[in-house]
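For the sequence shown, the working numbering begins at 2 and goes up steadily by one.
C-beta atoms are modelled at their ideal positions from N, C-alpha and C, and glycine is treated no differently.
Bear in mind the structure is a predicted one, so any value in this text is a computation, not a measurement.
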Amino acid sequence: MNEFILLSKIKWLINYSDKYILCNFPKVHISLKIRLQDNLYDLLENTIRANVNKGTLRNKYQKEILVNLSILDYYIGLMIERTIIKKNRFNSFINTLLDIRKITYGWIENE
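(1) According to the Cβ coordinates, are Lys10 and Ile66 closer than 7 Å?
(2) Return the Cβ separation of Glu112 and Arg59 in integer angstroms, given the expectation that the two are a contact with Cβ distance under 8 Å.
(3) Determine the DSSP secondary structure at Asn3, reduced to helix, strand or coil.
(4) Can you name the start and end residues of the alpha helix (DSSP H) that Lys103 belongs to?
(5) Output yes or no for whether 7 Å exceeds the beta carbon distance between Ile80 and Ile72.
(6) Give the straight-line distance between the Cα atoms of Ile35 and Asp74, rounded to the nearest whole angstrom.
(7) For the candidate residues Gln63, Lys20, Tyr42, Ile15, whose alpha-carbon lies nearest to that of Gly107?
(8) On the premise that Thr105 lies in contact with Leu7, defined as a C-beta separation below 8 Å, what is that separation, rounded to the nearest angstrom?
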């Protein structure tokens, strides 16, 4: 499958999360870590599904991408509230989520 900008940004976000966010997670908040990780991979899967399908199925998966982004936004907000992650890592994560959201809305509008 050809790489496209959205997919490469999501892969970058997953790698960034693995390297800087998930590795130092306290055991007390392990459920939040698992939810974040699962949602990141769901985001990747929905992006691939939306890219492969056409018509209403594509639209369904594009909306699922937006749902994944909202959930990730909530989880990362919880992490900054509970001081699990540093502010600069939070900002990097949020900026990438914002880029992914903009690209996704542009993709939906283009359909």
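With the given structure in hand:
(1) Here the question's residue 10 lines up with position 9 in the sequence shown. Here the question's residue 66 lines up with position 65 in the sequence shown. No, Cβ-Cβ distance for Lys10 and Ile66 is not below 7 Å.
(2) Here residue 112 refers to the residue found at position 111 when the sequence shown is read from its first residue. Here residue 59 refers to the residue found at position 58 when the sequence shown is read from its first residue. So it is a contact: roughly 7 Å between Cβ atoms.
(3) The sequence position of residue 3 within the sequence shown is 2, counting from 1. Here the model assigns Asn3 a pLDDT of 45, short of 50, so the residue's position is not dependable and the matter cannot be decided.
(4) Counting from 1 along the sequence shown, the entry for residue 103 is found at position 102. 88-111 is the span of the alpha helix (DSSP H), which, as asked, contains Lys103.
(5) To locate residue 80, count along the sequence shown from 1; it is residue 79. To locate residue 72, count along the sequence shown from 1; it is residue 71. Note that residue 80 is Met in the sequence shown, not Ile. Contact: no.
(6) Sequence index remark: in the sequence shown, residue 35 carries index 34 (1-based). Sequence index remark: in the sequence shown, residue 74 carries index 73 (1-based). Between Ile35 and Asp74, the C-alpha separation is close to 15 Å.
(7) Position 106 of the sequence shown, counting from 1, holds the residue named residue 107. Residue Gln63 is the option with its Cα nearest to Gly107.
(8) Reading the sequence shown from its first residue, position 6 is the one you call residue 7. Reading the sequence shown from its first residue, position 104 is the one you call residue 105. About 7 Å; that satisfies the 8 Å criterion.
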